[in-house]
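Reading through the structure tokens given below for one structure.
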Amino acid sequence: MDLAMFLTGIFITALALWLWQLKKDKGWVIGRWHYLLIAIWASWTAFGAWLTVNIMADAEFVMGEGEMAGAALAAGIFGGVSVILGLIITRLIHSKNSLKTG
Numbered sequence: 001m002d003l004a005m006f007l008t009g010i011f012i013t014a015l016a017l018w019l020w021q022l023k024k025d026k027g028w029v030i031g032r033w034h035y036l037l038i039a040i041w042a043s044w045t046a047f048g049a050w051l052t053v054n055i056m057a058d059a060e061f062v063m064g065e066g067e068m069a070g071a072a073l074a075a076g077i078f079g080g081v082s083v084i085l086g087l088i089i090t091r092l093i094h095s096k097n098s099l100k101t102g
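For the sequence shown, the residue numbers in full-length UniProt numbering are 1 to 102.
In structure tokens:
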């Protein structure tokens with residue numbers, strides 16, 4: 001689990017640096033609500049990864065087959081929502097009406 005959280009931190013840091021570089025190079029003005037949406041997405045993704053890793057680690061020893069299937073379903077739901085939120089945020093950031101050039 002530590003590796004998953006470490007990799008998530010690296011990904012979030014890379015995303016923040018990429019946005020900062022776009023802001024600097026292209027003169028984009030990225031609003032606070034963009035950053036808020038990205039923070040919500042990153043939190044949702046990190047929580048989903050943490051929950052999935054913890055449930056699946058415990059499911060092997062404690063839960064039966066049905067509970068493991070439920071854990072897999074939860075992982076799919078968290079992953080699906082994470083992808084949808086990521087696509088929405090990417091679309092909002094790259095929208096011409098959303099960003100202002102300075």
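Glycine included, C-beta positions come from ideal geometry on N, C-alpha and C.
Computed from a prediction, not measured in an experiment: that's the story for all the values here.
Report the CB separation of residue i from residue j in whole angstroms; it is logged as a contact under 8 Å.
i: residue 12; j: residue 23; result: That pair is no contact at about 16 Å.
i: residue 37; j: residue 77; result: Incorrect: roughly 20 Å between the Cβ atoms, too far for contact.
i: residue 85; j: residue 44; result: 6 Å
i: residue 41; j: residue 95; result: 16 Å between Cβ atoms; not a contact.
i: residue 69; j: residue 52; result: No, residue 69 and residue 52 are not in contact; Cβ-Cβ is about 13 Å, not under 8 Å.
Helix, strand or coil for residue i per DSSP?
i: residue 43; result: helix
i: residue 82; result: helix
With respect to 7 Å, is the separation between the Cβ of residue i and the closest non-hydrogen atom of the ligand SAH below this value?
i: residue 92; result: Absence of the ligand SAH is noted for the structure shown, with no ligands found whatsoever.
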